[in-house]
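Undergrad: Chains U and D, in that order, give the protein sequences. The first sequence begins at 4 in this note's numbering and counts up one residue at a time. The second sequence begins at 3 in this note's numbering and counts up one residue at a time.
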Amino acid sequence: MNYAADVRALARKDLLLELRARDTLPAMLLFVVAVFVVFHFALPAHSSSLAARGLLWVAIVFTALLGLGRAFVPEREQRTLDALVLAPADRSAIWVAKTIATLAFLAAAEVVALPLFALFFHGLDGATIGAFALADVGICAVGTFVGAMAVATRARDLLLPLLFLPLAIPIVIGGVGASVVAAPARYLAFLALYDLLFAFVCWAAFEYVVAE
Amino acid sequence: MSAPAAQLRLMSRVSLPALAAASFLLVTTALVLVFFVAPNDADQGFSQRIFYFHVSIAFTAYACFIGGAWKALVHLWKRDPRADLESYVGVHQGVIFGALVLLTGSIWAKISWGHWWLWSENQLVLFLVLFLFYCAYFMLRFSLDDGPQRANLCAVYALFGVILIPVSFLAIRLAQKFIHPVVFTRHGPNFHGWILVTYCVAQIAMLVLAYTLYRVELAGKRLDLRLRELRRVYA
Chain U
4 MNYAADVRAL ARKDLLLELR ARDTLPAMLL FVVAVFVVFH FALPAHSSSL AARGLLWVAI
64 VFTALLGLGR AFVPEREQRT LDALVLAPAD RSAIWVAKTI ATLAFLAAAE VVALPLFALF
124 FHGLDGATIG AFALADVGIC AVGTFVGAMA VATRARDLLL PLLFLPLAIP IVIGGVGASV
184 VAAPARYLAF LALYDLLFAF VCWAAFEYVV AE
Chain D
3 MSAPAAQLRL MSRVSLPALA AASFLLVTTA LVLVFFVAPN DADQGFSQRI FYFHVSIAFT
63 AYACFIGGAW KALVHLWKRD PRADLESYVG VHQGVIFGAL VLLTGSIWAK ISWGHWWLWS
123 ENQLVLFLVL FLFYCAYFML RFSLDDGPQR ANLCAVYALF GVILIPVSFL AIRLAQKFIH
183 PVVFTRHGPN FHGWILVTYC VAQIAMLVLA YTLYRVELAG KRLDLRLREL RRVYA
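1. Put D43(D) into one of helix, strand or coil per three-state DSSP.
2. Would A214(U) count as contacting chain D if we go by Cβ distances under 9 angstroms?
3. Does the pairing of the segment 35-50 of chain U with the segment 138-152 of chain U give three or more beta-carbon distances under 8 angstroms?
4. Report the rounded CA-to-CA distance for C205(U) versus P187(U), giving the unit in angstroms.
5. Taking the alpha carbon of D82(D) as the point to measure from, which residue in P150(D), A221(D) and V93(D) has its own alpha carbon closest?
6. Ignore the nearest five residues each way along the sequence and tell me which others in L155(D)'s own chain have a CB closer than 7 angstroms to its CB.
7. Take every Cβ of the segment 159-166 of chain D, pair it with every Cβ of the segment 193-212 of chain U, and state whether three or more of those distances are shorter than 8 angstroms.
8. Answer yes or no: does any C-beta atom of chain U fall closer than 9 angstroms to that of D147(D)?
9. Using the beta-carbon count (16 or more within 10 Å), is F95(D) buried or exposed?
10. How would you list, in chain order, the residues of chain U whose beta-carbon sits under 7 angstroms from the beta-carbon of F129(D)?
11. Using the Cα positions of V158(D) and A74(D), report the straight-line distance between them to the nearest angstrom.
12. For a cutoff of 9 angstroms on Cβ pairs, would you count N124(D) as touching chain U?
13. Return the residue from the list I52(D), Q205(D) and V34(D) that minimises the CA-CA distance to W110(D).
14. Can you have a look at Q81(U) and say buried or exposed, based on whether 16 or more other CB atoms are within 10 angstroms of its CB?
15. Note down, in chain order, each residue of its chain lying with its Cβ closer than 6 angstroms to the Cβ of V38(U), except the 5 sequence neighbours on either side.
16. When Cβ atoms are compared, which residues of the segment 149-176 of chain D fall closer than 8 angstroms to chain U?
17. Let me check understanding here. Comparing Cα to Cα, which of C143(U), G57(U) and F120(U) lies closest to L225(U)?
18. Ordered along the chain, which non-local residues of its own chain (more than five positions away) have a Cβ less than 8 angstroms from that of W119(D)?
19. Does the segment 94-104 of chain U come close enough to the segment 7-24 of chain U to have 3 or more Cβ pairs within less than 8 angstroms?
20. Can you find a CB in chain U that lies within less than 9 angstroms of the CB of V184(D)?
21. Run through DSSP, which three-state label would S17(D) get?
22. Provide the residue span of the alpha helix (DSSP H) that contains R143(D), from first to last.
23. Give the residues of chain U in contact with M141(D), contact being defined as C-beta atoms less than 9 angstroms apart.
24. Using a cut-off of 8 angstroms between C-beta atoms, extract the partners of P77(U) located in chain D.
25. Would you mind telling me which residues of chain D sit closer than 8 angstroms to L204(U), beta carbon to beta carbon, in chain order?
26. Is the segment 23-31 of chain U touching the segment 60-80 of chain U in the sense that three or more CB pairs, one from each, lie closer than 8 angstroms?
27. Quick check: is the beta carbon of F193(U) nearer than 9 angstroms to any beta carbon in chain D?
28. Beta-carbon within less than 6 angstroms of L170(U)'s beta-carbon, same chain only, minus the 5 sequence neighbours each way: which residues are those?
29. How would you list, in chain order, the residues of chain D whose beta-carbon sits under 9 angstroms from the beta-carbon of P187(U)?
30. If you follow the alpha helix (DSSP H) that W79(D) is in, where does it begin and where does it stop?
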């Protein structure tokens with residue numbers, strides 16, 4: 004099998020698993036709606052739409068964390084990670100497939116969350132949606148990678164936010180920048196740069212995370 | 003053996019007492035220069051002298067992080083069995099110096115602008131992000147059992163750190179545009195005469211001090227490991 008076929012098979016497995024078990028996506032959706040309600044009461048009356056947009060980014064990053072936390076946990080619990088590592092495929096294919104699967108979950112959650120945000124708070128412009136599309140790639144690429152690291156530890160899920168959030172700070176800066184300024188091109192370019200850089204490093208280094 | 007490798011071997015052959023003496027001498031010289039020789043800053047007066055330590059400590063912290071990442075790369079690349087511990091100790095020293103950067107930066111901010119913390123100070127914010135990142139490195143390390151997997155994961159995470167430094171720097175620079183439209187403009191100190199000499203001595207002093215501390219910690223950690231091994235053999 005070639006690389007693309009490996010990735011397709013692995014990603015298909017994750018998506019099929021979610022379709023049948025429905026573990027992650029409903030939890031993410033419920034979480035993001037609950038967070039919006041919390042934000043409504045956290046934002047004082049007459050606070051600016053800019054503050055709400057900033058909080059939207061917080062909501063999405065935490066929702067993503069919820070999904071990322073689940074990405075490798077079933078593999079570990081069912082002890083299938085060893086089998087994946089032993090499979091005659093390039094190990095980085097595991098990371099690519101997991102990233103695609105988590106990206107699909109996050110995108111699905113945003114398809115509901117972003118219109119809901121527009122309904123509850125303020126409308127969204129094209130730049131914000133573009134920034135989310137770019138940021139999702141970075142969030143899922145880096146998040147899947149550190150998720151694989153976190154499941155190898157004793158602390159498991161506890162460690163994922165600690166490992167992930169410092170790495171996500173540039174994404175939040177780029178995303179919020181693109182959402183609040185008049186000329187967002189610079190911020191979108193930064194997000195694209197982040198995606199390329201970290202996706203490449205994660206792809207190249209994943210071998211060392213799963214193999215001893 | 004290539005030239006840099008030979009140089010490194012030579013460096014690790016310098017004895018610890020000699021290094022300790024050199025760092026004591028250099029730090030003392032730097033203190034004397036900073037407090038008695040360097041002229042007062044025309045704009046900020048006496049308090050500006052903390053700059054000599056703040057900047058040189060910041061540079062040293064970067065050097066430690068980069069050194070730690072380099073050792074991490076050596077571990078992943080050449081499977082050098084010593085590199086994992088060396089990478090960890092490098093990062094550890096970087097975090098210690100990073101904490102000092104936050105402390106000195108905060109003192110400087112208080113004296114210059116009356117606030118203990120300023121989000122408009124790029125370097126301070128960057129060090130806060132890096133500090134969080136490398137604290138997570140320790141959480142990761144202490145949450146794994148000793149072995150090849152711990153070495154691998156820590157090495158990969160340490161490598162992420164050196165990518166995060168320029169990316170975060172760029173991001174924080176970008177954030178200035180929408181979070182703080184007014185940027186403090188501090189006309190840079192004119193680097194000449196005693197100011198330059200003092201800064202250079204302080205910088206070298208901090209680098210040598212960091213290297214000495216690195217060697218001390220490394221020697222202690224290695225002794226600890228050997229002792230544990232011996233205990234296991236005897237038990």
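All C-beta atoms, glycine included, are put in the ideal place defined by N, C-alpha and C.
TA: Taking the geometry as given:
1. strand
2. yes
3. no
4. 27 angstroms
5. P150(D)
6. L142 and L146
7. yes
8. yes
9. Note that residue 95(D) is Gln in the sequence shown here, rather than Phe. Buried: at least 16 other Cβ atoms inside 10 Å.
10. Those do not exist, as F129(D) stays about 12 angstroms from chain U at its closest Cβ, beyond 7 angstroms.
11. 7 angstroms
12. no
13. I52(D)
14. exposed
15. A62
16. G149, P150, Q151, N154, L155, A157, V158, Y159, L161, F162, I165, L166, V169, S170, L172, A173, I174 and L176
17. Because chain U is modelled from 4 through 215, residue 225(U) falls outside the range shown and cannot be assessed.
18. S108, A111 and L126
19. yes
20. Here V184(D) scores only 42 on pLDDT, less than 50, and its place in the model is too uncertain to base an answer on.
21. coil
22. N124 to F144
23. T156, A158, L161, L162, L165 and L166
24. Neighbours of P77(U) on chain D: none; closest Cβ ~20 angstroms, over 8 angstroms.
25. Per the sequence presented here, residue 204(U) reads as Val, with Leu not at that position. Chain D residues near V204(U): L161, F162 and I165.
26. yes
27. yes
28. V145
29. Chain D residues near P187(U): none, gap ~10 angstroms exceeds 9 angstroms.
30. I52 to K80
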